[in-house]
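>
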Amino acid sequence: MNNVILPVILPLLAAFLMLPVARLSAVVARLLGPLVLLIGLVLLLQLWFAPEAEPFMVALGGFAPPLGIVFYVDQLALIFAMAVPLFTLVFWNWSPGSDQDAQGMARQDALMLLLAASATGLALSGDLFNIYVFYELMSVASFGLVALTGTGPAQVATVRYLLLSAFGSVLALVGIAILYTQTGTLNLAQLGQLAPTALQGPAGLAAFAFMLIGFGVKAELFPVNTWVPEVYATAPARIAGLLAGLISKLAVLVVVRLLVVVYQDTGAAQLMLVLGTLTVLFGEFAAWRARDFPRMIGFSSIGQLGIVFIAFSIPGPWGVLAGLAVALHHLLIKSALFSLANRWSGSLEGLAGGAKSAPIAAGLFVLLALSLIGVPPLPGFWTKILVLVGLAQEGAALHISALAAILLVTAIEANYLFRFAIKLYRKSDQPPAPHRTLDIGAAALIGIAVVVVTVQIDPVGDKLRAVARQAADRTTYITTVFPSEPGIAAREDSR
Amino acid sequence: MELNFVTILYVGAIGLLLIGAMGLVMGNNLFRMVLALVLAEAGVNLLLILAGYRGDATAPILGIAPAGVQMVDPVPQVLVLTAIVIGVGVQALAVAVLIRVFRAYGTLDARELKTLFEFDVAAEKGTEPPGSTQAPAGGRPLSPVPPRPQADEASS
């Protein structure tokens, strides 16, 4: 069962070996990355399809927790861990590259592998400091990938992104320090055990606020997401797609673990609800004003992540189910939209008539846009209805305002997405250049996945419900990590 | 609260954090903002060390401490070591990217760079340059938009 470490270790190892290998043989170096990611994907798929779906814990180096650090593997972690190699492969730089640029390509591949390794580690980690280290590694890899494009604006965007992100890390570290002074541990399960007594006061809530803002930088949370439009406008679309689709979700996963395991019954969820509502409103209004395609879908991704935060702030398994559904839906849709943005990187006006030169891409855009807005029977409808019903069940004033905000932004979303779709199908003298087959292929694959999910919504929904029930169960998390101390875990609340 | 050594250190740590945050928010020179980040990181490292500090304990090294004397908590110290290493890496990367920014634009002034950035992106995307439709009709309250420098074509 210790195979679960390999999807983290192998890409790290391959990333460090990449440059020496590229000096010997450029071909081997090019093949190394996809090969390693495929191995990781297969290993994780084996775990996913294993007959027993019970969560388990891997003590790294054989040191038992709380002294040692652990990987906690449940279905929720596995979903996101599998998404990492999958979407890294989708957004891999598949262009063959010239011989004289072998070192440059190897550098980029190494950064992609670092990103994949740290993201997988983030999904599996059950220890707050390990999470911090993986998060930082992920940040550094993403800075490098954005800066590598070499244009002046990309460098400016990278600096601003780096400063904000590094300050976010400082804030997260402050939160971790507060947690440590209150509890004396950083193991998530032990924090969960101690939380009912040690983290009830304002200090515990302050720690969560610091970590929410800190990790929220990558998750595009409202006050700390000013980097999003700048980076998405200047970075290559595949990097932007990776950051918006995958990396943001992993940052959300960290916050969700904290919320479920440690902060289940405090004001933390309300804080997240308020910030999520602000994020939704900010993102969608800005998307409505955006004048170019990458920034439009970038701002719309901020809005969607706001809905993810709102959904996860609903207590109990329902909130985890709704949040998981919205997050996975957004992961699929935004990845496909950013593959389209690879060629459609210009202004919205300049893309008029795009349906003439790229009919498949235009058709895919309409399908994805419909799902993003939430038109039945596409999966986007079910994800939104889950969130809305969950909010209505809670019924407090904050929840109802969040519900109203989501309904309002759905109208805005429909307005700007349809406005662009109409533009695509208009007659134009200078239609934009058609897409590369690779981008269309990636987007079409995801489009097919969306259609399949639409048809098979029942089994997918059942599976997600089981995953959410498992992930929302704090007692399972604690007893899995500390099997010998059931007494402490037993005094859990019954929710 | 009595004014002992540890309290002073706590005040210092939080002060460093605040100075760093202020520098990042109010700074206008990107290099100074990196330095502000360094200060904030020093502050949080100090805070972490203080989380495990005890006045009457010794360094957590087995064999050096005399028997019966308590040791300070080694975990925060290990965390700080990691945090320092990560911080140095990020700062080095920041300075490296700053050099590339300076080569491309010839300035590190954040406000100026923001304007140039918007112009460049607008030119690349084929959208209208920013401010052209929403610009105030009268005189500008801020310094006028600097003309587009010609130097960056050579470097890009």
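Chains A and B are the protein sequences, given in the same order.
Note that the first sequence covers residues 249 to 743 in my numbering.
Note that the second sequence covers residues 6 to 161 in my numbering.
Where a beta carbon is used, it is the ideal one built from N, C-alpha and C, also for glycine.
Quick caveat: nothing in here was measured; it's all calculated off a predicted structure.
Closer than 7 Å by beta-carbon distance: list the chain B residues that pair up with Val338(A), in chain order.
By 1-based counting over the first sequence, the position of residue 338(A) is 90. Residues of chain B passing the Cβ test: none, with the nearest at roughly 24 Å.
> Would Arg46(B) pass as an interface residue toward chain A - the criterion being a Cβ-Cβ separation below 8 Å?
Mapped onto the second sequence, residue 46(B) falls at position 41. The sequence given here has Glu at residue 46(B), not Arg. Closer than 8 Å: yes.
> Measure the alpha-carbon distance for Val460(A) versus Asp125(B) and round it to whole angstroms.
Locating residue 460(A) in the first sequence gives position 212, counting from the first residue. Locating residue 125(B) in the second sequence gives position 120, counting from the first residue. What sits at residue 460(A) in the sequence shown is Leu, not Val. Computed Cα separation, rounded: 33 Å.
> Contact defined as beta carbons within less than 8 Å: I believe Ile660(A) pairs with Leu636(A). What is the distance between those atoms, to the nearest angstrom?
Numbered from its first residue, the first sequence carries residue 660(A) at position 412. Numbered from its first residue, the first sequence carries residue 636(A) at position 388. 16 Å between Cβ atoms; not a contact.
> Helix, strand or coil for Ser676(A), going by three-state DSSP, please let me know.
Along the first sequence, one-based indexing puts residue 676(A) at 428. In this structure, Ser676(A) counts as coil in the three-state DSSP scheme.
> Assuming Ala365(A) and Ala263(A) are in contact, meaning their beta carbons sit under 8 Å apart, how far apart are those beta carbons, in whole angstroms?
As a first step, residue 365(A) is located in the first sequence; it is residue number 117 there, counting from the start. As a first step, residue 263(A) is located in the first sequence; it is residue number 15 there, counting from the start. Ala365(A) to Ala263(A), Cβ: 7 Å. Contact.
> Where Leu421(A) and Leu324(A) are concerned, what is the direct C-alpha to C-alpha distance, given to the nearest angstrom?
As a first step, residue 421(A) must be located in the first sequence, where it is residue number 173. As a first step, residue 324(A) must be located in the first sequence, where it is residue number 76. Rounded to the nearest angstrom, the two C-alpha atoms are 25 Å apart.
> Can you pull the chain B neighbours of Pro401(A), defined as C-beta to C-beta under 8 Å?
Counting from one through the first sequence, the residue named residue 401(A) turns up at place 153. Within chain B, the residues near Pro401(A) are Phe122, Asp125, Val126 and Glu129.
> Identify which residue in Val290(A), Arg543(A), Gly374(A) and Gln351(A) has its Cα closest to the Cα of Pro314(A).
In the first sequence, the residue the question calls residue 314(A) occupies position 66. Taking only the C-alpha atoms, the option nearest Pro314(A) is Gly374(A).
> Throw me the rounded Cβ distance for the Val85(B) and Leu53(B) pair, which I believe falls under 8 Å.
By 1-based counting over the second sequence, the position of residue 85(B) is 80. By 1-based counting over the second sequence, the position of residue 53(B) is 48. That belief holds up - the Cβ atoms of Val85(B) and Leu53(B) are roughly 5 Å apart, short of 8 Å.
> Starting from Ala307(A), follow the beta strand (DSSP E) in both directions and report where the run begins and ends.
The sequence position of residue 307(A) within the first sequence is 59, counting from 1. Looking at the DSSP string, the run of the beta strand (DSSP E) that includes Ala307(A) is Phe304 to Ala307.
> Thinking C-alpha only, which one of Thr658(A), Gln294(A) and Glu597(A) is nearest Gln678(A)?
As a working mapping, residue 678(A) is identified with position 430 in the first sequence. Cα-wise, what sits closest to Gln678(A) is Glu597(A).
> Under the rule that 16 or more other beta-carbon atoms within 10 Å means buried, what is Met1(B), buried or exposed?
This structure leaves residue 1(B) out entirely; chain B is present only between 6 and 161.
> When the Cα of Pro65(B) is compared with those of Ala47(B), Val102(B), Ala56(B) and Asp78(B), which residue comes out closest?
Within the second sequence, numbered from 1, the residue matching residue 65(B) stands at position 60. Looking at the Cα atoms, Asp78(B) is the closest of the given residues.
> Would a C-beta distance cut-off of 8 Å place Tyr383(A) and Phe463(A) closer than the cut-off?
Taking the first sequence and counting its residues from 1, one reaches residue 383(A) at position 135. Taking the first sequence and counting its residues from 1, one reaches residue 463(A) at position 215. Yes, they are a contact pair.
> Quick one: Cα of Arg674(A) to Cα of Ala610(A), how far?
Walking along the first sequence from the start, residue 674(A) turns up at place 426. Walking along the first sequence from the start, residue 610(A) turns up at place 362. Taking the straight line from one Cα to the other gives about 11 Å.
> Flag Asp375(A) as yes if its beta-carbon sits less than 8 Å from any beta-carbon of chain B, otherwise no.
Mapped onto the first sequence, residue 375(A) falls at position 127. Chain B contact via Cβ: absent.
> Take the Cβ of Arg543(A) as the centre, count every other Cβ of all protein chains shown within 10 Å, and call the residue buried at 16 or more, exposed below.
Stepping through the first sequence from its first residue, residue 543(A) is reached at position 295. The residue is buried, with at least 16 neighbouring Cβ atoms inside 10 Å.
> My guess is that Phe335(A) and Ala488(A) are in contact by the Cβ rule of under 8 Å, so how many angstroms apart are they, rounded?
Here residue 335(A) is taken as the residue at index 87 of the first sequence, counted from 1. Here residue 488(A) is taken as the residue at index 240 of the first sequence, counted from 1. Contact flag wrong, Cβ pair sits at about 13 Å.
> Please tell me whether Ala690(A) has its Cβ less than 8 Å away from any Cβ of chain B.
Residue 690(A) sits at position 442 when you count from the first residue of the first sequence. Answer no: the Cβ-Cβ gap between Ala690(A) and chain B never drops below 8 Å.
> Quick check on Thr397(A) - is its C-beta less than 8 Å from some C-beta in chain B?
Within the first sequence, numbered from 1, the residue matching residue 397(A) stands at position 149. Interface flag for Thr397(A) against chain B is unset, since no Cβ pair is found closer than 8 Å.
> Compute the distance between the beta-carbons of Pro707(A) and Ser605(A), then report whether it is under 8 Å.
Here residue 707(A) corresponds to residue number 459 of the first sequence, with the count starting at 1. Here residue 605(A) corresponds to residue number 357 of the first sequence, with the count starting at 1. No.
> Would Arg537(A) be called buried (16 or more neighbouring beta carbons within 10 Å of its own) or exposed?
The count along the first sequence starts at 1 and reaches residue 537(A) at position 289. The residue is exposed, with fewer than 16 neighbouring Cβ atoms inside 10 Å.
> What number of angstroms, rounded off, separates the C-alpha of Lys446(A) from the C-alpha of Tyr58(B)?
As a first step, residue 446(A) must be located in the first sequence, where it is residue number 198. As a first step, residue 58(B) must be located in the second sequence, where it is residue number 53. Going by the sequence as given, residue 446(A) is Ala instead of Lys. Between Ala446(A) and Tyr58(B), the C-alpha separation is close to 19 Å.
> Going straight from the alpha carbon of Val556(A) to that of Ala662(A), what length do you get?
Stepping through the first sequence from its first residue, residue 556(A) is reached at position 308. Stepping through the first sequence from its first residue, residue 662(A) is reached at position 414. Computed Cα separation, rounded: 18 Å.
> Mapping DSSP to helix, strand and coil, what is Val318(A)?
Counted from its first residue, the first sequence places residue 318(A) at position 70. Note: Val318(A) maps to strand in three-state DSSP.
> Could you list the residues in the region 473-496 of chain A with a C-beta less than 8 Å from some C-beta on chain B, going in chain order?
Glu478, Ala481 and Thr482
> Take Ala395(A) as the anchor and find which of Gln356(A), Gly524(A), Val418(A) and Ile608(A) has the nearest alpha-carbon.
Residue 395(A) sits at position 147 when you count from the first residue of the first sequence. The shortest C-alpha separation from Ala395(A) is found at Gln356(A).
> Could you tell me the distance, in whole angstroms, from the CA atom of Phe36(B) to the CA atom of Val83(B)?
Here the question's residue 36(B) lines up with position 31 in the second sequence. Here the question's residue 83(B) lines up with position 78 in the second sequence. Between Phe36(B) and Val83(B), the C-alpha separation is close to 29 Å.
> Report back the beta-carbon spacing between Ala600(A) and Lys671(A) to the nearest angstrom; my notes put them in contact at under 8 Å.
Here residue 600(A) corresponds to residue number 352 of the first sequence, with the count starting at 1. Here residue 671(A) corresponds to residue number 423 of the first sequence, with the count starting at 1. Indeed they touch by this definition, with Cβ atoms about 5 Å apart.
> Taking the alpha carbon of Arg105(B) as the point to measure from, which residue in Phe311(A), Pro401(A), Ile608(A) and Leu393(A) has its own alpha carbon closest?
Position 100 of the second sequence, counted from the start, is the residue given in the question as residue 105(B). Considering only alpha carbons, the answer is Pro401(A).
> Exposed or buried, what is Asp710(A) when buried is set at 16 or more other beta-carbons lying within 10 Å of its beta-carbon?
If you number the first sequence from 1, residue 710(A) lands on position 462. Exposed, since its Cβ has fewer than 16 Cβ neighbours within 10 Å.
> Give the interface partners of Ala358(A) over in chain B, defined as CB-CB distance under 9 Å, in chain order.
Looking up residue 358(A) in the first sequence gives position 110. Per Cβ cutoff of 9 Å: no residues; Ala358(A) is ~15 Å from chain B at best.
> Return no unless some Cβ of chain B is closer than 8 Å to the Cβ of Ser595(A).
Indexing the first sequence from 1 puts residue 595(A) at position 347. Yes - at least one Cβ of chain B is within 8 Å of the one on Ser595(A).
> List, in chain order, every chain B residue whose beta-carbon is nearer than 7 Å to that of Phe391(A).
Looking up residue 391(A) in the first sequence gives position 143. Under the 7 Å cutoff, chain B gives Leu98.
> Using three-state DSSP, classify Asn34(B) as helix, strand or coil.
Sequence index remark: in the second sequence, residue 34(B) carries index 29 (1-based). Strand.
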